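Below is one structure, written out as structure tokens; comments come after it.
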Amino acid sequence: DAEELRIKEETGATIRCFPFEQPEGLKTCFMTGNRANEVAIFAKSY
809 DAEELRIKEE
819 TGATIRCFPF
829 EQPEGLKTCF
839 MTGNRANEVA
849 IFAKSY
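Residue 826 in my numbering sits at position 18 of the sequence shown; the count goes up by one each step and never skips.
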């Protein structure tokens with residue numbers, strides 16, 4: 809989606825995984841501040 813593409817363009821990081829055990833409570837996107845449905849792990853490969 810647009811947020812994932814923005815993160816890739818600005819940082820070079822891509823999604824590595826979606827943890828099976830998601831944290832409880834509200835989640836917020838660190839790039840947009842919008843509510844998020846799940847947590848994704850991003851990393852950059854060198």
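Note that the Cβ used here is the ideal one computed from N, Cα and C, for glycine as well. Keep in mind that this is a model prediction, so the values were computed, not measured.
Going residue by residue through the segment 814-844, where are the continuous beta strand (DSSP E) segments of at least 3 residues, counting only ones entirely within it? 822-825
What separation, rounded to the nearest whole angstrom, lies between the Cα atoms of P827 and E818? In the sequence shown, the residue the question calls residue 827 occupies position 19. In the sequence shown, the residue the question calls residue 818 occupies position 10. C-alpha separation (whole angstroms): 23 Å.
Residues of its chain near A844, where Cβ-Cβ distance is below 8 Å and the 5 sequence neighbours each way are ignored: Translated into the one-based positions of the sequence shown, residue 844 becomes position 36. If we look at A844 and ignore the five residues flanking it on each side, its Cβ neighbours are K835, T836 and C837.
Nearest to E846 (by Cα), restricted to the options G833, L813 and A810: As a first step, residue 846 must be located in the sequence shown, where it is residue number 38. The shortest C-alpha separation from E846 is found at G833.
From the DSSP output, which residues share a beta bridge with A851? By one-based count along the sequence shown, residue 851 stands at place 43. Answer is T822, bridged to A851.
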